[in-house]
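One structure is given below, encoded as structure tokens.
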Amino acid sequence: MKTQSSFAKSVDSGKLYLVPTPIGNLDDMTFRAIKILKAVDLIAAEDTRHTQQLLNHFEIENKKISFHEHNTQERIPLLVEKLKNGENIAQVSDAGMPSISDPGKELVKACIDSDIPVVPLPGANAGLTALVASGLAPQPFYFYGFLNRKKSEQVDELKDLNRLKSTFIIYESPYRLKKTLANMCEVLGESRKAVVCRELTKKFEEFNRGTLSELLKWSTENTPRGEFLIIVEGNPNDVEENNQDDFLKSMSTTEQVDYFISNGTKTNDAIKKVAKLHGVKKQEIYNIYHQI
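Okay, so the sequence shown: first residue is 1 according to UniProt numbering, each after it adds one.
Below, the structure is given as structure tokens:
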């Protein structure tokens with residue numbers, strides 16, 4: 001077990017700040033985020049050119065370094081070394097929260113392993129922004145992110161998601177929106193309620209609410225443009241216990257616990273269910289889940 005006191009004065013290293021950026025509307029930048037970006041020694045940006053536009057708008061002149069999915073392994077040792085030497089670094093993605101469908105988790109893990117404080121800032125997140133305005137049940141919810149591009153693999157993913165009773169969140173490209181909605185109709189059923197959200201916080205923000213068949217028709221009759229999310233209601237029908245067991249056995253122990261939690265089960269109860277599934281004591285699953 002490790003305990004992080006984010007603002008303890010006795011820490012010798014620098015801090016990694018995870019700074020969310022606006023998902024479209026620059027007015028959503030927080031005072032604290034601006035303050036941190038002006039104060040750190042270095043800004044690790046997914047796309048330095050894109051981030052420079054944000055920095056120019058808020059008159060921030062700090063140094064930048066690129067940190068994206070293609071140079072993660074190269075950059076992490078360099079950034080960790082700088083942090084160990086006492087430098088403070090802010091990590092930003094192009095829009096929204098670092099690590100959410102963006103680079104970041106590997107750097108966070110490396111810092112935790114090196115006892116470097118990781119300090120998250122609250123801010124813009126497209127998934128939650130869309131969820132609370134969707135009109136569908138906001139809790140429990142399951143964030144999935146991007147589905148696989150290949151149809152057969154996407155269909156398999158949707159079959160797994162079809163077992164959820166919780167509302168779930170999908171990110172999608174305008175170029176694949178129609179095909180994804182068609183696959184959803186096929187797997188989840190045409191009458192399943194969903195919301196297609198477009199250009200959140202921007203001038204052309206739009207919410208299209210209806211059944212999957214209605215949304216598919218809309219995507220066929222229009223030319224989708226912009227950044228999209230699909231919020232889908234959970235499956236109201238009970239999953240047969242045998243099928244559920246087969247589904248769960250394809251997951252790791254931790255994923256099994258998370259599955260039950262995503263369906264509204266409390267953590268301790270979820271651990272009990274997984275322990276029963278494996279025929280072991282609850283404490284054994286508890287230790288695995290909490291990495292004790």
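Ideal Cβ positions, reconstructed from N, Cα and C, are used throughout, including at glycine. None of the values given here were measured: they were computed from a predicted structure.
Give the C-beta separation of residue i and residue j to the nearest angstrom, bearing in mind that I take them to be a contact with Cβ-Cβ under 8 Å.
i    : j    : result
N88  : G14  : 4 Å
L37  : V11  : Wrong, their Cβ atoms sit about 21 Å apart, outside the cutoff.
P140 : N263 : 7 Å
L229 : L188 : Not quite, the Cβ-Cβ distance comes to about 16 Å (not below 8 Å), so this is no contact.
I23  : G96  : 5 Å
I271 : K282 : 6 Å
Y259 : L248 : 7 Å
L16  : V119 : 7 Å
S106 : T72  : Position check: residue 106 holds Glu in this sequence, whereas Ser was assumed. With a Cβ gap of about 5 Å, E106 and T72 count as contacting.
G226 : F204 : 7 Å
Tell me whether the beta-carbon of residue i lies closer than 8 Å to the beta-carbon of residue j.
i           : j    : result
Q4          : A44  : no
residue 295 : F168 : Within the shown structure, residues of the chain are numbered from 1 to 292, placing residue 295 beyond reach of any answer.
P117        : S6   : yes
L177        : S219 : yes
K84         : S114 : yes
G145        : Y171 : yes
C47         : D102 : Reading off the sequence, residue 47 comes out as Asp, not Cys. Result no, Cβ atoms of D47 and D102 do not sit closer than 8 Å.
I76         : A110 : yes
V257        : V274 : yes
Y142        : S166 : yes
G123        : A33  : yes
G234        : L164 : yes
M29         : F58  : yes
residue 295 : T253 : Not covered by the structure: residue 295. The range shown for the chain is 1 to 292.
Which residues bound the alpha helix (DSSP H) around residue i?
i    : result
S134 : A126 to S134
L18  : That residue, L18, is in no alpha helix (DSSP H); its beta strand (DSSP E) goes L16 to L18.
F260 : T253 to S262
I288 : K282 to Y289
I112 : K105 to D113
V274 : T267 to H278
V80  : T72 to K84
In the DSSP assignment, the beta strand (DSSP E) including residue i goes from what residue to what residue?
i    : result
L216 : Taken as a continuous stretch (DSSP letters only), L216 belongs to no beta strand (DSSP E), being part of the alpha helix (DSSP H) at L212 to E221.
A90  : I89 to V92
K64  : K64 to S66
L121 : Taken as a continuous stretch (DSSP letters only), L121 belongs to no beta strand (DSSP E), as it is neither H nor E.
I100 : Where I100 is concerned, there is no enclosing beta strand (DSSP E), given that its DSSP letter is neither H nor E.
I230 : F228 to V232
Check whether the segment 197-217 touches the segment 120-136, counting contact only when three or more Cβ pairs, one atom from each stretch, lie closer than 8 Å.
-> yes
Segment contact flag, the segment 206-220 with the segment 172-192, C-beta cutoff 8 Å, min 3 pairs = yes
What are the start and end residues of each continuous alpha helix (DSSP H) run of 4 or more residues lying completely inside the segment 139-216, in chain order?
-> 151-161 and 177-188
Could you name each continuous alpha helix (DSSP H) segment of 4 residues or more that falls completely within the segment 13-57, going from the start of the chain to the end?
-> Listed in chain order, the complete alpha helix (DSSP H) runs (minimum 4 residues) inside the segment 13-57 are 31-39 and 48-57.
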